[in-house]
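In structure tokens:
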């Protein structure tokens with residue numbers, strides 16, 4: 012019977028007891044029979060309360076020892092937004108992590124429920140038998156690099172401190188421990204339930220029918236299964252009746268009621284009730300958004316609906332998903348790229364003239380142009396009518412909540428509203444964060460202040476640290492003294508605890 016587990020790696024700012032934040036999660040699925048490793052989750056994460064403080068001193072270690080940047084994390088998906096996806100994986104599989112107490116300590120503190128397996132770091136300790144710094148006593152816990160060198164000495168590895176890359180390497184270590192018989196799995200089934208009689212999946216050793224991975228819950232009616240004889244995948248209903256035969260090489264993610272399926276490197280879709288099947292005919296596919304999915308044939312992209320009907324023909328070299336009724340699309344193969352926007356009817360609302368274009372958020376689409384003579388890219392924003400409402404003159408720019416934009420001009424950051432009005436001077440060293448109860452942190456010369464949604468600097472940047480946002484305010488620190496600042500700029504000194 013196939014045994015598949017998760018190997019998890021998280022990146023954080025500091026330790027849990029320091030108030031560290033999770034900033035990246037990488038998860039791979041390890042097949043303990045074959046050693047195959049498949050990435051199943053990879054995302055930067057922004058937790059509530061993450062701010063410039065987490066790039067400083069001991070909390071900023073990860074930014075000094077990886078290629079991660081504050082800007083990347085600051086605009087990452089929130090943990091709350093990703094929690095259901097991650098918990099769904101933990102509900103399906105048993106999981107482990109190298110230095111499990113660290114990774115799972117953070118995750119369980121955030122409310123995740125995990126069916127835990129042994130810690131590979133602990134399991135590897137007596138095998139490597141490395142001396143402590145003092146040279147006596149119990150062997151020390153090996154680092155990932157030390158364990159890797161032990162098992163794969165001819166293949167050098169330097170820990171990247173990136174979630175998915177580290178998880179892949181750690182999974183290979185777990186597999187070596189498993190092959191040695193040292194990594195123990197509780198019971199004989201870790202992700203599936205044996206069924207005495209069914210038309211689904213045959214266990215070679217006992218002829219029992221075995222559901223492999225359950226996709227169904229209160230919303231879905233299909234169960235994804237793998238036949239252990241031919242290694243193909245199919246679908247059964249919740250009564251274990253075979254709905255779609257074992258014909259698929261792989262079954263992918265589900266969104267908007269459609270499941271991605273693969274045959275001979277071609278992609279198709281099945282709805283979650285098993286009633287509508289779109290044949291595997293596409294070379295590439297994104298995912299359904301607003302009822303449409305970008306798919307490609309012969310190197311060109313178009314859009315299909317959930318019935319498989321081509322709604323927008325295969326004429327584009329590159330497309331992104333629909334958001335707010337519009338999708339970026341590129342016409343042309345060579346730089347400078349020619350991006351524009353199309354609506355769900357396939358009609359262009361802009362010329363195809365932009366070097367880059369991003370999905371719409373809060374009524375704005377980020378676009379850029381490239382100047383061939385200076386080799387510089389400049390960024391601006393259009394509205395849903397295709398009008399350039401924020402001029403294309405900024406070096407960097409990102410959309411904030413509710414249609415505000417933080418942009419970089421002449422080396423400094425400022426705040427712009429959705430009409431293109433510059434609400435602050437461009438004088439800040441870091442991007443402006445999303446607003447919390449009408450206020451946001453700003454930074455000048457490593458000092459912290461606050462602005463409101465009108466761009467008014469209600470607290471000048473004189474504070475050393477921003478400890479956290481609170482309801483209707485924030486806690487700032489200056490010379491080891493803490494102050495509560497409300498969203499009107501009123502300041503109250505806090506008594507030491």
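Numbering (my numbering), first residue to last: 12 to 508. Quick reminder that beta carbons are idealized off the backbone N, C-alpha and C, glycines included.
DSSP-derived helix/strand/coil call for residue 75:
Residue 75: helix per DSSP, three-state reduction.
message = As an exercise, report each continuous beta strand (DSSP E) stretch of at least 3 residues that is fully enclosed by the region 98–122, in chain order.
response = Correct list: 106–108.
As an exercise, report each continuous beta strand (DSSP E) stretch of at least 3 residues that is fully enclosed by the region 20–49, in chain order.
With a minimum length of 3 residues, the unbroken runs of beta strand (DSSP E) contained wholly in the region 20–49 fall at 33–42.
Distance, residue 314 Cα to residue 325 Cα: Each residue's alpha carbon lies about 8 Å from the other.
* Asked: Do residue 452 and residue 62 have their CB atoms nearer than 8 Å?
  -> Their beta carbons are under 8 Å apart, which means residue 452 touches residue 62 by this criterion.
| request: Taking only the alpha-carbon atoms, compute the straight-line gap between residue 163 and residue 135 and give it to the nearest angstrom. | output: Going by the C-alpha atoms only, they are around 14 Å apart.
Exercise. Would you list the one or two residues that DSSP bridges to residue 288?
Key: According to DSSP, residue 288 bridges with 281.
Review point. Can you tell me whether residue 6 is buried or exposed, with buried defined as 16 or more other CB within 10 angstroms of its CB?
Key: Lying before the first or after the last residue shown, residue 6 is absent from the chain, which here runs from 12 to 508.
query: What is the residue span of the alpha helix (DSSP H) that residue 180 lies within?
result: Secondary structure note for residue 180: its alpha helix (DSSP H) is the uninterrupted segment 174–190.
- Item | Selected residue, minimal CA-CA separation from residue 239, among 92, 249, 487 and 259 | Closest option to residue 239, Cα to Cα, is 259.
**Report entry** From 329, 335, 336 and 360, residue whose alpha carbon lies closest to that of residue 348
**Finding:** For the options 329, 335, 336 and 360, the alpha carbon positioned closest to that of residue 348 is the one of 329.
- Out of 456, 426 and 457, point me to the one whose CA is closest to residue 443's CA. Taking only the C-alpha atoms, the option nearest residue 443 is 426.
Stretch pair the region 97–113 + the region 66–83: three plus CB contacts closer than 8 Å = Contact between the region 97–113 and the region 66–83 is absent, because fewer than three Cβ pairs lie under 8 Å.
Exercise. In this structure, does DSSP put residue 82 in helix, strand or coil?
Worked result: Helix at residue 82.
| query | Within this structure, are the beta carbons of residue 90 and residue 127 separated by less than 8 Å? | reply | Residue 90 places its beta carbon 8 Å or farther from that of residue 127.
Review point. Residue 388: which of 395, 394 and 378 sits nearest, CA to CA?
Key: Out of 395, 394 and 378, 378 has the C-alpha closest to the C-alpha of residue 388.
- Over what stretch of residues does the alpha helix (DSSP H) that includes residue 139 continue unbroken? Residue 139 -> alpha helix (DSSP H) spans 131–139.
In its own chain, which residues sit with a C-beta less than 8 Å from the C-beta of residue 375, not counting the 5 before and 5 after it? Correct list, in chain order: 392, 393, 394, 400, 401, 410, 414, 416 and 429.
Handout entry: Terminal residues of the beta strand (DSSP E) in which residue 415 lies
Key = Secondary structure note for residue 415: it is in no beta strand (DSSP E), with a DSSP letter that is neither H nor E.
Excluding sequence positions up to five away, which residues of its chain have a Cβ less than 6 Å from the Cβ of residue 111? In chain order, 130 place their CB closer than 6 Å to the CB of residue 111, counting only its own chain and leaving out the 5 sequence neighbours on each side.
- prompt: With DSSP run on the structure shown, which of helix, strand or coil describes residue 64?
  reply: Residue 64 falls in the helix class under three-state DSSP.
Please report how far the alpha carbon of residue 43 lies from the alpha carbon of residue 192, in whole angstroms. Approximately 11 Å between the Cα atoms of the pair.
Original post:
Does the beta-carbon distance from residue 489 to residue 473 come in below 8 Å?
Top reply: Yes, the pair counts as a contact, with Cβ atoms nearer than the cut-off.
- Task: Label residue 362 either buried or exposed according to how many other C-beta atoms from any shown protein chain fall within 10 Å of its C-beta, with 16 as the threshold for buried.
- Result: With fewer than 16 other Cβ atoms within 10 Å, it is exposed.
**Item:** Opening and closing residue of the alpha helix (DSSP H) in which residue 127 lies
**Value:** For residue 127, there is no enclosing alpha helix (DSSP H), as DSSP marks it with neither H nor E.
Should residue 339 go down as buried or exposed, given a rule of 16 or more other Cβ atoms within 10 Å for buried? Buried is the label assigned to residue 339, since at least 16 other Cβ atoms lie within 10 Å of its Cβ.
| request: Measure the alpha-carbon distance for residue 487 versus residue 477 and round it to whole angstroms. | output: As the crow flies, the alpha-carbon of residue 487 is around 5 Å from that of residue 477.
ask   = Is residue 274 closer than 8 Å to residue 521 when the C-beta atoms are compared?
value = The shown model of the chain, from 12 to 508, leaves out residue 521, and the question about it has no answer.
Do residue 308 and residue 293 have their CB atoms nearer than 8 Å?
-> Against a cut-off of 8 Å, the Cβ pair of residue 293 and residue 308 comes out as a contact.
Host alpha helix (DSSP H) of residue 160 (start-end): Residue 160 -> alpha helix (DSSP H) spans 155–162.
Notebook entry, point to check: Got a sec: does the ligand GDP put a non-hydrogen atom nearer than 7 Å to the Cβ of residue 32?
Noted result: This structure does not include the ligand GDP; it has no bound ligands of any sort.
task: Give every residue of the same chain whose Cβ lies closer than 6 Å to the Cβ of residue 279, excluding the five residues on either side of it in the sequence, and list them in chain order.
output: The beta carbon of residue 279 sits closer than 6 Å to the beta carbons of 272, 289, 290 and 291 from its chain, once the five residues preceding and following it are set aside; these are given in chain order.
For residue 331 versus residue 354, is the C-beta spacing smaller than 8 Å?
With contacts defined as CB atoms closer than 8 Å, residue 331 and residue 354 fail to qualify as a contacting pair.
* Have a look at the DSSP bridge pairing and note the partners of residue 495. => The partner list for residue 495 (beta bridge, DSSP) reads 486 and 503.
Looking only at its own chain, which residues have a Cβ that is under 8 Å from the Cβ of residue 88, when we skip the five neighbours before and after it? Answer for residue 88: 54, 55, 56 and 57, listed in chain order.
On the CB-based measure, 16 or more other CB atoms within 10 Å of its CB, does residue 386 come out buried or exposed? Counting Cβ neighbours within 10 Å, residue 386 comes out exposed, since fewer than 16 surround it.
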